[in-house]
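K.L.:
Residue 88 in numbering that gives the first Met the number 0 sits at position 89 of the sequence shown; the count goes up by one each step and never skips.
No residue lacks a Cβ here, since even glycine has one placed at the ideal position from N, Cα and C.
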Amino acid sequence: MENKNAQFAGSIPAAYDRYLGPILFQPYGEDLAGRLAVDANSSVLELACGTGILTRILRDRLPATVRLVATDLNEPMIRTAAAKFNQNDAIEWKQADASSLPFDDRSFDAVVCQFGIMFFPDKILSAREAHRVLKPGGVFLFNVWDSLEQNPLGRIAHETISSFFEKDPPTFYQVPFGYHDHGEIKSVLAAAGFSEVRIDVVSKVSVAARAEDAAAGLVHGNPVSVAIAERDPSLLPVITTAVADALQKHFGGSMFRAPMRAIVVQARA
């Protein structure tokens, strides 16, 4: 699954974890984990685990006897995640492509994914793989971002970055905020064999200590930084400052609060 917008490597995982984790992913990880109900002898597979933000929440909330397997396409993200855990946490880490999972049929009681589905190039194939590894009646639980219009942090970052490039602006932000049509999501899941699809729209508030920190994450915590550097590396610090200024203008410079909205999906195999 070759996809530049899904390649989180180099310094990206550390910036993603430090700056974006607390303000974007922790709140929705708590929400997603709170929706997962499995018994003590279950097996849970996490797709696109990133730096282990949801993994940590799941491990803390699930019974210790639950088998938890965390996967990601990007080995650097897995290394960053694994470094935050110890052997007693009993996490099985594995590099894996969601469109070709290295697991037997009917291996898991639940498959979960936090803000990863949007990056899968072939969403039907990946959903079929999730269905394949789930036991009959198992749950597929994931979230995706709503549109840029409903997520001003992403919208401001995207618009500010684009303003520096008259031609061929980076398109990264169109990917994570581009898979939110309820009908399309239901159609993909139906094609993969899922039923009992439930979709909830979940609004939360992102709280950041400083606009500069949020900007650092929005520019350096994802592959948009690579796209900028490919065009003109000297613009990276300039753009980061511009994003910070735009965030400060909209929300204030310290302890600002910004609305955000995601879509949470549950389906049965």
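Kindly list the residues whose CB is nearer than 7 Å to the CB of Gly28, restricted to its own chain and excluding five residues on each side of it in sequence; keep chain order.
P.N.:
For this step, residue 28 is matched to residue 29 along the sequence shown. So the list reads Ile52, Leu53, Ile56, Gln113, once near-sequence residues are dropped.
K.L.:
Under the three-state reduction of DSSP, which class applies to Phe176: helix, strand or coil?
P.N.:
Position 177 of the sequence shown, counting from 1, holds the residue named residue 176. Coil at Phe176, not helix or strand.
K.L.:
Considering only C-alpha positions, which residue in the set Arg230, Ser42, Met76, Ala129 is nearest to Leu287?
P.N.:
Nothing about residue 287 can be reported from this structure: the residues present for the chain run from 0 to 268 only.
K.L.:
Hey, how far is the Cα of Asp121 from the Cα of Lys166?
P.N.:
Taking the sequence shown and counting its residues from 1, the one referred to as residue 121 is at position 122. Taking the sequence shown and counting its residues from 1, the one referred to as residue 166 is at position 167. In a straight line, the C-alpha of Asp121 is about 28 Å away from that of Lys166.
K.L.:
For Pro265, count neighbouring C-beta atoms within 10 Å of its own C-beta (all shown protein chains included) and say buried if the count is 16 or more, exposed if not.
P.N.:
The sequence position of residue 265 within the sequence shown is 266, counting from 1. One detail in the question is off: residue 265 reads as Gln in this sequence, not Pro. Buried: at least 16 other Cβ atoms inside 10 Å.
K.L.:
Count the other C-beta atoms from every protein chain shown that fall within 10 angstroms of the C-beta of Ala82, then say buried if there are 16 or more, exposed otherwise.
P.N.:
Here the question's residue 82 lines up with position 83 in the sequence shown. Classification of Ala82: exposed, given that the 10 Å Cβ count is below 16.
K.L.:
Among the residues of its own chain, which have a CB less than 7 Å from the CB of Val223, if the five just before and after it don't count?
P.N.:
As a working note, residue 223 is residue 224 in the sequence shown. Counting only Cβ-Cβ distances below 7 Å, and skipping sequence neighbours, we find Ile160, Pro169, Phe171, Tyr172.
K.L.:
Consult DSSP for Arg105 and reduce its assignment to one of helix, strand or coil.
P.N.:
Numbered from 1 along the sequence shown, position 106 holds the residue referred to as residue 105. Three-state result, Arg105: coil.
K.L.:
Is it buried or exposed, Asn73, if we count other Cβ atoms within 10 angstroms and call 16 or more buried?
P.N.:
The residue you call residue 73 lines up with position 74 of the sequence shown. When all chains shown are included, Asn73 counts as buried.
K.L.:
Measuring CB atoms only, is the stretch 7-17 touching the stretch 206-225, in the sense that at least three cross pairs come out at less than 8 Å?
P.N.:
Touching, yes, given that three or more Cβ pairs across the two stretches are closer than 8 Å.
K.L.:
From what residue to what residue does the alpha helix (DSSP H) around Ser125 run?
P.N.:
Taking the sequence shown and counting its residues from 1, the one referred to as residue 125 is at position 126. Per DSSP, Ser125 belongs to the alpha helix (DSSP H) from 122-132.
K.L.:
Please give the ranges of any beta strand (DSSP E) in the stretch 23-87, keeping only runs that are unbroken, at least 3 residues long and fully inside the region.
P.N.:
42-46, 66-71, all fully within the stretch 23-87.
K.L.:
May I have the straight-line CA-CA distance separating Leu35 from Ile77, to the nearest angstrom?
P.N.:
Looking up residue 35 in the sequence shown gives position 36. Looking up residue 77 in the sequence shown gives position 78. Going from the Cα of Leu35 to the Cα of Ile77 covers about 22 Å.
K.L.:
Report the three-state DSSP secondary structure of Ser98 (helix, strand or coil).
P.N.:
Counting from 1 along the sequence shown, the entry for residue 98 is found at position 99. In the structure shown, Ser98 sits in coil (DSSP, three-state: anything other than H, G, I, E or B).
K.L.:
What span of residues does the beta strand (DSSP E) with Phe255 cover, start to end?
P.N.:
On the sequence shown, residue 255 is found 256 positions in, with the first residue counted as 1. Per DSSP, Phe255 belongs to the beta strand (DSSP E) from 253-267.
K.L.:
Run through DSSP, which three-state label would Leu194 get?
P.N.:
On the sequence shown, position 195 is the one that residue 194 refers to. According to the sequence displayed, residue 194 carries Ser and not Leu. If DSSP states are grouped into helix, strand and coil, Ser194 belongs with the strands.
K.L.:
Helix, strand or coil for Asp199 per DSSP?
P.N.:
Here residue 199 corresponds to residue number 200 of the sequence shown, with the count starting at 1. It is a strand residue.
K.L.:
Pair every Cβ in the stretch 124-131 with every Cβ in the stretch 187-201, then say whether three or more of these pairs are closer than 8 Å.
P.N.:
Because the criterion of three Cβ pairs below 8 Å is met, the stretch 124-131 and the stretch 187-201 touch.
K.L.:
Apart from the five residues on each side of it in sequence, which residues of its chain come closer than 7 Å, Cβ to Cβ, to Pro258?
P.N.:
Taking the first residue of the sequence shown as 1, we reach residue 258 at position 259. Pro151, Ser202, Val204, listed in sequence order.
K.L.:
What's the C-alpha gap between Ser253 and Ala14?
P.N.:
Position 254 of the sequence shown, counted from the start, is the residue given in the question as residue 253. Position 15 of the sequence shown, counted from the start, is the residue given in the question as residue 14. Distance between the alpha carbons of Ser253 and Ala14: 19 Å.
K.L.:
Is DSSP giving Ala205 helix, strand or coil here?
P.N.:
Indexing the sequence shown from 1 puts residue 205 at position 206. Sequence check: residue 205 is Ser here, not Ala. Strand.
K.L.:
With C-beta atoms as the reference, is Leu100 less than 8 Å away from Val138?
P.N.:
Within the sequence shown, numbered from 1, the residue matching residue 100 stands at position 101. Within the sequence shown, numbered from 1, the residue matching residue 138 stands at position 139. No. Outside cutoff.
K.L.:
Check Glu165 in the structure and name its three-state DSSP category.
P.N.:
In the sequence shown, the residue the question calls residue 165 occupies position 166. Looking at Glu165 - three-state DSSP - the assignment turns out to be coil, as it is neither helix nor strand.
K.L.:
DSSP has Val111 in a bridge; who is on the other side?
P.N.:
Reading the sequence shown from its first residue, position 112 is the one you call residue 111. In DSSP, Val111 forms a bridge with Glu45, Leu140.
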